[in-house]
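Engineer:
In mature numbering (1 follows the signal peptide of the UniProt record, and there is no 0), the protein residues as written are -26 to -1, 1 to 97.
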């Protein structure tokens, strides 16, 4: 009898858990959100292309920053930070590799001060 009660209680519990269905939420994605995502991807590709250049990588190594770490941190930037970085790159004169390095160094210092990274503890 006790065994039958336990089985019934387990079945009731299982049925109760199974019958609670979560609600699905869906919404239309507007053009602005769609294009914002593609703009971020384009900005990230431009910044990555600059970071991948030999001159920038040599400067990063000279400053004691691992180029892969710098690329990973740029990928982790928020959309606003990435937009600011890409905008500053657009405003620089051609061949302004040192300016890009300066901007990246400032971003890395800010991330270090906020405690997000440990880039400069190796120095």
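Just so it is clear, CB atoms sit at the ideal spot from N, CA and C, and this is done for glycine as well.
Using the Cβ count rule (16 or more neighbours within 10 Å means buried), how would you classify residue 29?
Structural biologist: Position 55 of the chain shown, counted from the start, is the residue given in the question as residue 29. Burial check for residue 29: the Cβ neighbour count within 10 Å stays below 16, so the residue is exposed.
Engineer: Less than 7 Å between the C-beta atoms of residue 62 and residue 77, yes or no?
Structural biologist: The residue labelled residue 62 in the question sits at position 88 within the chain shown. The residue labelled residue 77 in the question sits at position 103 within the chain shown. Yes, they are a contact pair.
Engineer: Report the three-state DSSP secondary structure of residue 51 (helix, strand or coil).
Structural biologist: Stepping through the chain shown from its first residue, residue 51 is reached at position 77. Three-state DSSP puts residue 51 in coil, outside helix and strand.
Engineer: Any contact of the segment 41 to 54 with the segment -17 to -3, i.e. 3+ C-beta pairs under 8 Å?
Structural biologist: The segment 41 to 54 is not in contact with the segment -17 to -3.
Engineer: Which residue wins for smallest C-alpha separation from residue 17, given the options 83, 5 and 53?
Structural biologist: Your numbering for residue 17 matches position 43 in the chain shown. Of 83, 5 and 53, the residue nearest in Cα terms is 53.
Engineer: Return the chain-ordered list of same chain residues with a C-beta closer than 6 Å to the C-beta of residue 48, the five sequence neighbours on each side being excluded.
Structural biologist: Within the chain shown, the letter at position 74 stands for residue 48. Excluding its 5 nearest sequence neighbours in each direction, residue 48 has C-beta neighbours in its own chain below 6 Å: 21, listed in chain order.
Engineer: Could you name the residues of the same chain whose beta carbon sits closer than 8 Å to that of residue 75, not counting the 5 residues immediately before and after it, in chain order?
Structural biologist: Locating residue 75 in the chain shown gives position 101, where the first residue counts as 1. Hits under 8 Å: 30, 33, 34 and 37.
Engineer: How would you label residue -1, buried or exposed, when you count the other beta carbons within 10 angstroms and need 16 or more for buried?
Structural biologist: As a first step, residue -1 must be located in the chain shown, where it is residue number 26. Counting Cβ neighbours within 10 Å, residue -1 comes out exposed, since fewer than 16 surround it.
Engineer: Helix, strand or coil, according to DSSP, for residue -11 in the structure here?
Structural biologist: Stepping through the chain shown from its first residue, residue -11 is reached at position 16. Assignment of residue -11 by DSSP, reduced to helix, strand and coil, places it in the helix class.
Engineer: From the DSSP output, in three-state form, read off residue 37 for me.
Structural biologist: On the chain shown, position 63 is the one that residue 37 refers to. The DSSP-derived three-state label of residue 37 is coil.
Engineer: How many angstroms separate the CA atom of residue 55 from the CA atom of residue -4?
Structural biologist: For the purposes of this step, residue 55 is taken as the residue at position 81 of the chain shown. For the purposes of this step, residue -4 is taken as the residue at position 23 of the chain shown. If you take the alpha carbons of residue 55 and residue -4, they lie about 35 Å apart.
Engineer: Skipping 5 residues on each side, what residues in its chain have a beta carbon closer than 7 Å to that of residue 92?
Structural biologist: Indexing the chain shown from 1 puts residue 92 at position 118. Here the set comprises nothing.
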